[in-house]
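Notes follow once the structure below has been shown.
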Amino acid sequence: MTEKVNFCQGCGIQLQTFDPAKEGYTPKEDGGLCRRCYRLTHYGDYQQPANPLIKTEVLLKKLASMDALFLYVIDLFHLEESMIDGLIRHLPLKDIIIVATKRELLPATLSQHKITAMIQQRCKSSNIFPKGIVVVSDFGKDGTTDVFKAIDIFRNNRDVVVFGVANAGKSTLINALFPHRLPITVSQFPGTTIDLIPIVERGYTIYDTPGIEMRNHFLDHLMTDQVKLLQPKTPIKPIVYQLTQKQTLIIGQVAMIHLDIKDEVSAVLYLPPGVEVHRAKTENANVYWEKHTDGKVPYLNQKHPLTEHTWKKSDDKVDIVLMYIGFISILGDCTIKTQAIEPCEIFVRKAVI
Ligand SMILES: Nc1nc2c(ncn2[C@@H]2O[C@H](COP(=O)(O)OP(=O)(O)OP(=O)(O)O)[C@@H](O)[C@H]2O)c(=O)[nH]1
Ligand SMILES: [Mg+2]
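Final position of the sequence shown in the numbering used here is 936; the numbers increase by one with none missing.
Printed below as a string of structure tokens:
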């Protein structure tokens, strides 16, 4: 007789009742959730899995072997962080629909047309040509009809795979699509879903999948409270600075952005409300950095060295992207030099808003 294997309905891990120290433990044989999901859901108590159960390469290979419609979930506020390097190489010839989440975090004045164009342009530069783009908002609740419509048009009798980087909002989206089901566990921490979760609904199977990790995740270097502060739940209120001469924006304890301004520059900050920004004359910035940044949000649990970069400003309006934090739009003539502690990646792109 073969033993029945149960899987956690929150994260997809195989359940076991014999070793509380190991992953997938549940005290009850038929409990729907592992202890990690139970504690996360009921007490907000996060425990990082010891190892990702499925390594990214293995996961991508598995996805490549599936004949399915692929819903690629991207986080609109973290568009760049949502892009998967070499996606088309990993998943060649797949039918892909982009589902862009967290729309409500961006300004309400940004039109649907502009958002779609921005996604299309970013995808094109990575050779991704999706069959369709659906924009959802408000934890997936606003936009489910459009997601189902896209599935119905492009599924062609196949199953559906929901994939994307960690924290993009894949599980939240699936919970919004099927609100009558026991919810899949979601959290502010990357790596919540740890194995494929098949959901049979509407005559097909839709799979939730673990986040694809292409890089060292900045959030993994932060204390728990910091991770929460960087995950906005309500629209971002842009903050505008009019700047002249040599000015530096100091972002928490992670980065300095030095602007050498010709005439006048406007800097629009799209950052989560908890992020602490200090503005200083560039000549005073290093002193402030040395003496006053301790404990400024975001801060890391360890000291890290600063890396420096000078950027060529190709357009009049560019965004300085602080990966996993937010971005700063710069309009006007200036040179940009950035200094950031190592896990905090920065780069400059053509402005998206
Ligand atoms: N503001 C906002 N936050 C969202 C939205 N959708 C998801 N989130 C938040 O994003 C975080 C990650 O959501 P998850 O659904 O767990 O993301 P995931 O892609 O399943 O992540 P992994 O399982 O780690 O790969 C959580 O804090 C969610 O509350 C949204 O539409 N708006
Ligand atoms: Mg998930």
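Where a beta carbon is used, it is the ideal one built from N, C-alpha and C, also for glycine.
Item, Value
"I believe Pro773 touches Gly752 by the beta-carbon criterion, under 8 Å. Please report the beta-carbon distance rounded to the nearest angstrom.", "The Cβ separation is near 12 Å, so there is no contact."
"Roughly how many angstroms separate the alpha carbons of Pro926 and His800, rounded to a whole number?", "8 Å"
"Tell me which same chain residues have a C-beta within less than 6 Å of the C-beta of Arg622, skipping the five on either side of it?", "Asp628"
"Please classify Ser912: does DSSP put it in a helix, a strand, or coil?", "strand"
"For Gly669 and Gln703, I'd like the C-alpha separation in whole angstroms.", "17 Å"
"Assuming Ile782 contacts Thr788 (C-beta within less than 8 Å), just tell me the rounded distance between them.", "7 Å"
"Just verifying my parser: in three-state terms, what is the DSSP assignment at Met806?", "coil"
"The beta strand (DSSP E) that contains Ile698, what's its start and end?", "Looking at the DSSP string, Ile698 is not in any beta strand (DSSP E); the run it does join, the alpha helix (DSSP H), is Gln695 to Lys707."
"Determine the direct distance from the alpha carbon of Tyr907 to that of Gly835, and round the result to whole angstroms.", "13 Å"
"Taking contact to mean at least 3 C-beta pairs separated by less than 8 Å, is the segment 754-766 in contact with the segment 659-666?", "no"
"Taking just the CA atoms, how far does Pro821 sit from Asp898?", "21 Å"
"Once DSSP output is grouped into helix, strand and coil, what is the label at Val588?", "coil"
"Could you check if Lys605 belongs to the surroundings of ligand 1, using beta carbon to heavy atom distance under 6 Å?", "no"
"Beta carbon of Ala683, beta carbon of Val718: below 7 Å?", "yes"
"Quick check on DSSP: helix, strand or coil for His763?", "coil"
"Could you tell me which residues DSSP puts in a beta bridge with Gln830?", "Leu842 and Lys864"
"Which ranges would you report for the alpha helix (DSSP H) in the segment 593-676 if only whole runs of at least 4 residues count?", "618-626, 639-647, 662-665 and 670-673"
"When you measure from the CB of Thr776 to every non-hydrogen atom of ligand 2, does any distance come out below 6 Å?", "yes"
"How many angstroms separate the CA atom of Val588 from the CA atom of Leu652?", "27 Å"
"Could you please give the first and the last residue of the uninterrupted beta strand (DSSP E) stretch that includes Ala923?", "Cys917 to Ile924"
"Which residue from Tyr824, His841, Lys879 and Pro888 puts its Cα closest to that of Cys917?", "His841"
"In angstroms with no decimal places, state the Cα-to-Cα distance between Thr827 and Ile919.", "13 Å"
"So, at 6 Å on beta carbons, what are the nonlocal neighbours of Thr728 in its own chain, with the 5 sequence-adjacent residues on each side left out?", "none"
"May I ask whether a heavy atom of ligand 4 can be found less than 6 Å away from the beta carbon of Lys753?", "Summarising the ligand content, the structure contains ligand 1 and ligand 2 and does not contain ligand 4."
"Are the CB atoms of Val743 and Ile736 within a distance shorter than 7 Å?", "no"
"Residue ranges of each beta strand (DSSP E) run of no fewer than 3 residues wholly in the segment 849-898, ordered along the chain?", "860-864 and 889-894"
"Please indicate yes or no: does the CB of Gly726 lie closer than 6 Å to some heavy atom of ligand 1?", "no"
"Note down, in chain order, each residue of its chain lying with its Cβ closer than 6 Å to the Cβ of Ala934, except the 5 sequence neighbours on either side.", "Lys900, Val901, Asp902 and Ser912"
"Just list the residues that DSSP pairs Ile679 with in beta bridges.", "Phe653"
"May I have the straight-line CA-CA distance separating Asp678 from Lys714, to the nearest angstrom?", "6 Å"
"Can you have a look at Glu687 and say buried or exposed, based on whether 16 or more other CB atoms are within 10 angstroms of its CB?", "buried"
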